[in-house]
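Notes for the one structure printed next.
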Amino acid sequence: MRYVFISYNYSPDFLTPESWFKRTEGYAGLMECLSKENTVISVKQINYEGDHTHNGIQYRFVNFYRKKVYLSRRINQYIKNLQPDIVVVQGLHHPLQIVQLGLLLNKNTKIIAHHHAEKPLIGIKRYAQKLADKFVDAYLFASKPMGLDWVKKGNLASPQKIHEVMEVSSNFHPVDKAQAKEKTGVAGNPVFLWVGRLNANKDPLNVVKAFFKFAETNPDARLYMIYHTGELLVEITSVIDNHPQKNSIILIGKVVHDDLLYWFNSADFFISGSHYEGSGTAVCEAMSCRCVPVVTDIFSFRMITDNGNCGLLYEAGNEAALLGALEETGRLNVKEKQELSLKQFREKLSFEAIAAQVHQIASSL
11 MRYVFISYNY
21 SPDFLTPESW
31 FKRTEGYAGL
41 MECLSKENTV
51 ISVKQINYEG
61 DHTHNGIQYR
71 FVNFYRKKVY
81 LSRRINQYIK
91 NLQPDIVVVQ
101 GLHHPLQIVQ
111 LGLLLNKNTK
121 IIAHHHAEKP
131 LIGIKRYAQK
141 LADKFVDAYL
151 FASKPMGLDW
161 VKKGNLASPQ
171 KIHEVMEVSS
181 NFHPVDKAQA
191 KEKTGVAGNP
201 VFLWVGRLNA
211 NKDPLNVVKA
221 FFKFAETNPD
231 ARLYMIYHTG
241 ELLVEITSVI
251 DNHPQKNSII
261 LIGKVVHDDL
271 LYWFNSADFF
281 ISGSHYEGSG
291 TAVCEAMSCR
301 CVPVVTDIFS
311 FRMITDNGNC
321 GLLYEAGNEA
331 ALLGALEETG
341 RLNVKEKQEL
351 SLKQFREKLS
361 FEAIAAQVHQ
371 IASSL
């Protein structure tokens, strides 16, 4: 089968193919796995033009326009000329481009739209998505209920087109915990890890407050917080500095992504406070390292954790609920949960598993 992956976004900050390959490691694994038995072409606009093959993927870096426009005939004609069987459109916020693509492609070519955390458009734009829906043969959502919400709101017509497929995966793997801790300097029993932005959606303040209450009866427990944006850092620092258990929470700040392998392998549990996620990259990465997720009860995390079977779910924004989940960690068979987390990752969240699902869906269209 001949797949063409297309993103209509222009990314001018990337000047070389190598910089783009590095940026898309969390997504490219899907294409790499598909390329083992199929032809896979990725069409992308960065600040570079040329053709490159990398890890089995044929990259076509084109430059038909330098900013977002709604008339996309040139790039759509380019896609048609590649003679794809399947076109995978990255993102659901390009309805007019999809309409033009659908009108141009051969009838035998199928379009799959891959959701990437977008929320349903409203107002007149919602009607553009409804129109584009007529040309889309399948949608990939990290959680089927998330896709059904688009149907409920009238942006998509039929639940029959919605398929539950994880958005991203992880290149990480389990390593010896003692070796990992030697690199990170992590101490504590048990060890909890936070990785994410310090913004309102991630709700780090709720996590910090609940963890301090947990630490009052579990003084050896430690929470390490890794973050690359600090919207709520001042508030969080104030809470920590004025708390008698302040040594229980350690603010790490930015970490090179490749080094997260050792941080995930140093931790026993991974905490998230998110109110909404299109999928959950950090949770997925944690589970690929046998880290047990303690995460909010939202659509994407239900799917990722097999409805909490390999971790614990709690109500987003509810400090008491998170405290209850933290206390529950002390009653778990941690080794059993760690193996369940790794099993769930390999069977549902790995690039190999995602590619198999996508190919099965594509073959059924």
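Residue numbers (the numbering used here): 11 to 375. Every residue gets a Cβ at the ideal spot worked out from N, C-alpha and C, and that includes glycine.
Less than 8 Å separates the beta-carbon of F221 from that of L233. About 16 Å separates the beta carbon of I108 from that of F74, a gap too long to meet the 8 Å contact definition. For L261, the enclosing beta strand (DSSP E) stretches over residues I259 to G263. Separation of R83 and Q110 (C-alpha to C-alpha, rounded to the nearest whole angstrom) is 7 Å. Pairing N275 with K187 gives a Cβ-Cβ distance under 8 Å. With fewer than 16 other Cβ atoms inside 10 Å of its own Cβ, T239 counts as exposed. In the three-state DSSP reduction, G60 falls in the strand class (E or B). Non-local C-beta neighbours of D61 in its own chain, meaning closer than 8 Å and more than five positions away in sequence, comprise Q68, Y69, R70 and F71, ordered along the chain. The Cβ atoms of G283 and K219 lie no closer than 8 Å to each other. Residue pairing of Q68 in beta bridges, as defined by DSSP: I51 and T63.
M313: member of the alpha helix (DSSP H) spanning F309 to I314, first to last residue. If only complete runs of 4 or more residues are kept, the stretch 176-207 shows the alpha helix (DSSP H) at 187-194, in order along the chain. Beta-carbon to beta-carbon, T306 and P200 are separated by about 20 Å, too far to satisfy the 8 Å threshold. Around the CB of Q354, 16 or more other CB atoms lie within 10 Å, so the residue is classed as buried. For Y88, the enclosing alpha helix (DSSP H) covers residues R83 to N91. By the criterion of a C-beta distance shorter than 6 Å, F31 is surrounded in its chain by H64, once the five residues flanking it on both sides are discounted. By the beta-carbon neighbour count (other beta carbons within 10 angstroms, threshold 16), I134 is exposed.
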